[in-house]
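First up is the structure itself, then whatever we jot down about it.
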Amino acid sequence: MLRFRSDTIPVAAMTSRTAPVRRQRIIICTADTALRADLGDMLDQNGFTVVWARDSDHAMFLMGDLRFAAMVCDQALPDHDGIAFLQQIRRERPDLGEMPIIVLSEFAEPSDMVAGRLAGADDYLVKPVDHPMLVASLEVQIRQAARVRLAVLEKESAEGRSPRLNAAFDLMDRLSFGIELFDAQGHEIFCNRAARGLPRTNADTIRGWVARHVGQANRAESSEMLPGPGVLDFRMIPTGVSHSNTTQHLFVVILALTDPGEPETVFAATTFASAHWGYLGGELVAEAIGLTPTESRLAAFLAEGMRLDEIGEMMSIARPTVNYHLRNIYQKSGASRQSDVINLLRAVHLTDAQHLSAHPADGSRRQIGGESRS
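Structure (structure tokens):
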């Protein structure tokens, strides 16, 4: 059988597709120095960061400390038969059940391949290793594992089988600023209620910014070039004007949330309105400092950016009465300026479904943009 080698034709040149969309960290367990020399550079050139384990004990130690997208296991190990080691992993490490394992073996009989797969191998390749076959197998197995993980999360969330996950999503829905999470291909995997309330034009703009950073990560030639966790970009979108005719903006922060060595990158876009405040948070603060219902209502209008004369008209009270309530708010809150009161009321970024549906997510009254997303 004709086998192409990496020293004659690059693997990428023998396929009709590009290298993996991002570097993946894999573990290879073998004591075969020739195999290490054969596979090391080739896998690195095709987008994999390889961690080598010399035997089964070393591999178990590494897998207790690091997370791997896949494992390649030589059947000929110095301290263990590779198939027996595979069975040990499947038996003793249920936390690694999602990790694909590819067995490399000198035994090419169909019965050997069937035995390997029945033992828990996701694929079984015969030595000498065909480079394109190994690269394709790794990419396919990693993609399948990612799809299974996403399907399980979606099913558990939908069926209520993961209360911790549902609780985390529910908490993010109660925040008054927008949160969107994206996978390594730029596909949205979560969007909280505040982000869903953004005008479609703004949402599309934000997705474009995220896609740019996803593309840069996918074109990275080494793990050192991949983004680490932290802020990648900060942008502003004009959204309209407030009650006081002040120009309003939507502040957008693009972040990477995972380490470069993680098998999958997660990106986030968080959005904050310049007139940002959470209605539930404002109510909690008002209650904590002992404001009366009338004072709480007046303080809420302040937090929305309204002028005192506008507040008087909205509440149908005279300006001296507005000033009287404002002095009471200053005394109870310890503030000496309107800006101090506004900052205090905006400090707790919680809201609820009623206020999110009644007010724009960007805090403006006259928006520049289209309707909210469905």
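Counted from 1, the sequence shown has number 112 at position 112 by full-length UniProt numbering; the numbering is strictly sequential.
All C-beta atoms in this analysis are idealised placements derived from N, C-alpha and C, irrespective of residue type, glycine included.
Could you check where the beta strand (DSSP E) with residue 105 kicks off and where it finishes?
Counted from its first residue, the sequence shown places residue 105 at position 105. Note, residue 105: beta strand (DSSP E), 101 to 105.
Helix, strand or coil for residue 141 per DSSP?
Translated into positions along the sequence shown, residue 141 becomes position 141. Helix at residue 141.
Is any beta-carbon of chain D found at less than 8 angstroms from that of residue 296?
Here chain D cannot be found, since the structure has a single protein chain.
Going by beta carbon distance, what residues of the same chain come within less than 8 angstroms of residue 55, once the five residues before and after it are set aside?
Counting from one through the sequence shown, the residue named residue 55 turns up at place 55. Around residue 55: 29, 31, 77, 78, 79, 80.
How close, in whole Å, do the beta carbons of residue 210 and residue 182 come, if the pair is a contact with beta carbons under 8 angstroms?
Start at 1 with the first residue of the sequence shown, and residue 210 comes out as number 210. Start at 1 with the first residue of the sequence shown, and residue 182 comes out as number 182. Contact holds; Cβ gap of about 5 angstroms.
Residue 47 and residue 24 look like a contact to me (Cβ under 8 angstroms); what is the Cβ gap, rounded to whole Å?
Mapped onto the sequence shown, residue 47 falls at position 47. Mapped onto the sequence shown, residue 24 falls at position 24. With 8 angstroms as the limit, residue 47 and residue 24 qualify as a contact, their Cβ atoms being about 7 angstroms apart.
With C-beta atoms as the reference, is residue 206 less than 8 angstroms away from residue 271?
On the sequence shown, residue 206 is found 206 positions in, with the first residue counted as 1. On the sequence shown, residue 271 is found 271 positions in, with the first residue counted as 1. Judged by beta-carbon spacing, residue 271 lies within the 8 angstroms limit of residue 206, meaning their Cβ atoms are closer than that value.
Could you check what DSSP says for residue 19 in three-state terms: helix, strand or coil?
Residue numbering aside, residue 19 sits at position 19 when the sequence shown is read from its first letter. Summary for residue 19: the model assigns pLDDT 38, below 50, so the residue's position carries little reliability; its value from the coordinates is reported in the next sentence. Coil at residue 19, not helix or strand.
Could you check the C-alpha separation between residue 139 and residue 189 for me, to the nearest Å?
Within the sequence shown, residue 139 is the residue found at index 139, counting from 1. Within the sequence shown, residue 189 is the residue found at index 189, counting from 1. Using only the alpha carbons, I get a separation of about 21 angstroms.
By the three-class DSSP mapping on this structure, what secondary structure does residue 314 have?
What you label residue 314 is simply residue 314 of the sequence shown in a count that begins at 1. In the structure shown, residue 314 sits in a helix (DSSP, three-state: H, G or I).
So for residue 353, helix, strand or coil by DSSP?
For the purposes of this step, residue 353 is taken as the residue at position 353 of the sequence shown. Model confidence at residue 353 stands at a pLDDT of 44, short of 50, so the residue's coordinates are unreliable and nothing is read from them.
When the Cα atoms are used, what is the spatial distance from residue 195 to residue 136?
Against the sequence shown, residue 195 aligns to sequence position 195. Against the sequence shown, residue 136 aligns to sequence position 136. Looking at the two C-alpha atoms, the distance is approximately 38 angstroms.
Between the beta-carbon of residue 236 and the beta-carbon of residue 257, is there less than 8 angstroms?
Taking the sequence shown and counting its residues from 1, one reaches residue 236 at position 236. Taking the sequence shown and counting its residues from 1, one reaches residue 257 at position 257. Taking 8 angstroms as the Cβ cut-off, residue 236 and residue 257 do not qualify as a contacting pair.
Please report the Cβ distance between residue 121 and residue 89, rounded to the nearest whole angstrom; I am assuming they are in contact, meaning their Cβ atoms lie under 8 angstroms.
As a working mapping, residue 121 is identified with position 121 in the sequence shown. As a working mapping, residue 89 is identified with position 89 in the sequence shown. No, residue 121 and residue 89 are not in contact; Cβ-Cβ is about 10 angstroms, not under 8 angstroms.
Short check: CB of residue 297 to CB of residue 315, under 8 angstroms?
Counting from 1 along the sequence shown, the entry for residue 297 is found at position 297. Counting from 1 along the sequence shown, the entry for residue 315 is found at position 315. Yes; because the gap between Cβ atoms is below 8 angstroms, this pair is in contact.
Please name the residue in 35, 203, 86, 170 whose C-alpha comes closest to that of residue 131.
Residue numbering aside, residue 131 sits at position 131 when the sequence shown is read from its first letter. Ranking 35, 203, 86, 170 by Cα distance to residue 131 puts 35 first.
Mind checking residue 173: buried by the 16 CB within 10 Å criterion, or exposed?
Locating residue 173 in the sequence shown gives position 173, counting from the first residue. That one is buried.
By the DSSP assignment, the alpha helix (DSSP H) with residue 208 in it spans what residues?
The residue you call residue 208 lines up with position 208 of the sequence shown. Run containing residue 208: 200 to 218, per the alpha helix (DSSP H) assignment.
Take the Cβ of residue 193 as the centre, count every other Cβ of all protein chains shown within 10 Å, and call the residue buried at 16 or more, exposed below.
Within the sequence shown, the letter at position 193 stands for residue 193. Buried, by the Cβ-count rule.
Any idea if residue 353 is buried or exposed, counting beta-carbon neighbours within 10 angstroms, 16 or more meaning buried?
Indexing the sequence shown from 1 puts residue 353 at position 353. Caution is warranted here: a pLDDT of 44 is assigned to residue 353, below 50, making its placement in the model unreliable, and the coordinate value is therefore given only provisionally. Classification of residue 353: exposed, given that the 10 Å Cβ count is below 16.
What span of residues does the alpha helix (DSSP H) with residue 97 cover, start to end?
Stepping through the sequence shown from its first residue, residue 97 is reached at position 97. Careful: residue 97 lies outside any alpha helix (DSSP H) and carries neither H nor E.
Beta-carbon separation (whole angstroms), residue 141 vs residue 105, contact threshold 8 angstroms
Against the sequence shown, residue 141 aligns to sequence position 141. Against the sequence shown, residue 105 aligns to sequence position 105. Actually they are not in contact, since the Cβ atoms of residue 141 and residue 105 sit about 17 angstroms apart, beyond 8 angstroms.
List, from N- to C-terminal side, the alpha helix (DSSP H) runs of 4 residues or more that fit wholly inside the segment 14 to 85.
33 to 45, 56 to 65
Which residues in the same chain as residue 124 place their Cβ atom closer than 7 angstroms to its Cβ, once the five residues preceding and following it in sequence are excluded?
If you number the sequence shown from 1, residue 124 lands on position 124. Contacts found: 103, 105, 113, 116, 117.
Cβ-based neighbour list, residue 331, same chain, cut-off 7 angstroms, excluding 5 preceding and 5 following
Taking the first residue of the sequence shown as 1, we reach residue 331 at position 331. Around residue 331: no qualifying Cβ.
Between residue 21 and the rest of its own chain, which residues show a CB-CB distance below 7 angstroms, the 5 nearest in sequence each way excluded?
Position 21 of the sequence shown, counting from 1, holds the residue named residue 21. Only weak support exists for where residue 21 lies, its pLDDT of 40 falling under 50; the value from the coordinates is given anyway. Result list for residue 21: 184, 185, 218, in chain order.
Using only CA atoms, which one of 340, 322, 27, 321 lies nearest to residue 67?
For this step, residue 67 is matched to residue 67 along the sequence shown. The candidate whose alpha carbon is nearest that of residue 67 is 27.
Proximity below 8 angstroms, CB of residue 341 to CB of residue 273
The count along the sequence shown starts at 1 and reaches residue 341 at position 341. The count along the sequence shown starts at 1 and reaches residue 273 at position 273. No, these two residues do not count as a Cβ contact at 8 angstroms.
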